[in-house]
Amino acid sequence: MSETERPSDYHRRLPYGERVSAEPLLGGPFFPFEGDLQVVPLDEPVLPEPPRAGEPGGKPCFTCTNPELDAIWGDDQWRLKSGFQQNGLPMVALLVPREHYRLDNLPPELTATLGPMIQRVAGAIRQIEGVGRTHFNRWGDGSEHFHVWFLARPLGMMQLRGAMIAAWDDLLPPVPTEEFQANARTVATALSEQGGVALGLGK
């Protein structure tokens, strides 16, 4: 892509094909790596962007084609899913609306319930023994179906604070299946006390 084809001043000033320095992260309190690290070369923008799952031209929406798969709790508006991969954290979960919406077209009545749902899920995850905090994030590049990620930070593990908790989840030893199932039941039970029903491993 030529410089004139890049879509903004931001894009035009970046050093494509070069390695930027890792120095700003090295030695940081939450960065899980040390030593001689190299940042991969920066790729050129891909335009138009490839479609996400659930978008026209993309793969089918996984959430819509498998609505109950990995669901541990649900009500008439939302589902909480977990267990789709082995996790190094006590709990990684995904909150999704039952119907297929993007963030920008969530109906007002559903949007009004999102804040309380985040609060409920975060509180339910903190009921797991040994969990200090619940982090939540929204990444929307894989699927069009709106989803919010929840990650349990173990009590006292201060290195796991911040955005790198997702990397730590991949690095830490996987939680044993029996322990994960118990954690799922804890979360589903806590959520069910305020409405909805436990599903799957949450039963």
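According to our numbering, the sequence shown holds residues 28 to 230 in order.
We treat Cβ as the ideally placed atom computed from N, Cα and C, and that holds for glycine.
Given the structure is predicted, the values throughout are model-derived calculations rather than measurements.
Residue i to residue j span [Cα, whole Å]
{"i": "Leu187", "j": "Arg153", "result": "15 Å"}
{"i": "Asn93", "j": "Arg40", "result": "42 Å"}
{"i": "Val224", "j": "Arg165", "result": "24 Å"}
{"i": "Leu199", "j": "Leu116", "result": "7 Å"}
{"i": "Leu182", "j": "Val119", "result": "15 Å"}
{"i": "Gly157", "j": "Val148", "result": "16 Å"}
{"i": "Glu126", "j": "Pro143", "result": "18 Å"}
{"i": "Leu53", "j": "Gly62", "result": "8 Å"}
{"i": "Ala215", "j": "Leu226", "result": "8 Å"}
Extent of the continuous alpha helix (DSSP H) to which residue i belongs
{"i": "Ile152", "result": "135–152"}
{"i": "Val214", "result": "204–219"}
{"i": "Ile192", "result": "192–198"}
{"i": "Arg39", "result": "36–39"}
Best match in the options for proximity to residue i [C-alpha to C-alpha]
{"i": "Glu171", "options": "Gly159, Leu53, Asp131", "result": "Asp131"}
{"i": "Arg33", "options": "Val67, Gly54, Glu71, Pro59", "result": "Glu71"}
{"i": "Glu45", "options": "His174, Val67, Leu52, Gly157", "result": "Val67"}
{"i": "Arg106", "options": "Pro124, Glu76, Leu228", "result": "Pro124"}
{"i": "Gly110", "options": "Gly222, Trp176, Cys88, Ala190", "result": "Trp176"}
{"i": "Ser219", "options": "Ala151, Asp36, Gly169, Met28", "result": "Ala151"}
{"i": "Leu64", "options": "Phe57, Phe58, Ala49", "result": "Ala49"}
{"i": "Leu178", "options": "Leu96, Leu228, Leu122", "result": "Leu122"}
{"i": "Met184", "options": "Pro59, Glu76, Leu52", "result": "Pro59"}
{"i": "Pro56", "options": "Tyr43, Thr216, Met191, Asn210", "result": "Met191"}
{"i": "Phe163", "options": "Glu76, Pro203, Gln146", "result": "Gln146"}
Sequence-distant residues of the same chain with beta carbon closer than 7 Å to residue i, five excluded per side
{"i": "Glu86", "result": "The displayed chain sequence assigns Lys, not Glu, to residue 86. Answer for Lys86: Ala80, listed in chain order."}
{"i": "Thr140", "result": "Gln104"}
{"i": "Asp197", "result": "Gly115"}
{"i": "Leu74", "result": "Pro34"}
{"i": "Gly211", "result": "It is worth fixing the name first, because residue 211 is Ala in this sequence and not Gly. These residues qualify, in order along the chain: Ile99, Ser109, Gly110, Leu228, Gly229."}
Extent of the continuous beta strand (DSSP E) to which residue i belongs
{"i": "Arg231", "result": "Past the boundaries of the shown model lies residue 231; the chain is included only from 28 to 230, so the question cannot be answered."}
{"i": "Ala49", "result": "Careful: Ala49 lies outside any beta strand (DSSP E) and carries neither H nor E."}
{"i": "Asn164", "result": "158–164"}
{"i": "Phe57", "result": "Premise fails: Phe57 is in no beta strand (DSSP E) and is neither H nor E."}
{"i": "Val175", "result": "175–181"}
Distance cut-off 8 Å: residue i Cβ against heavy atoms of the ligand SAM
{"i": "Leu226", "result": "Questions concerning the ligand SAM fall outside what the structure shown contains, since it holds no ligand whatsoever."}
Neighbourhood of residue i by C-beta distance below 8 Å, restricted to the same chain and skipping five residues each side
{"i": "Glu128", "result": "It should be pointed out that residue 128 corresponds to Tyr in this sequence rather than to Glu. Once the five neighbours on either side are set aside, the close Cβ partners of Tyr128 are Pro134, Leu137, His172, Phe173."}
Proximal residues to residue i (C-beta, below 6 Å), its chain only, five neighbours per side dropped
{"i": "Gly189", "result": "Phe57"}
**Asked** In the region 68–116, which residue ranges form an unbroken alpha helix (DSSP H) of at least 4 residues, counting only runs that do not cross its ends?
**Response** If we require 4 residues or more, the alpha helix (DSSP H) runs fully inside the region 68–116 come out as 89–92.
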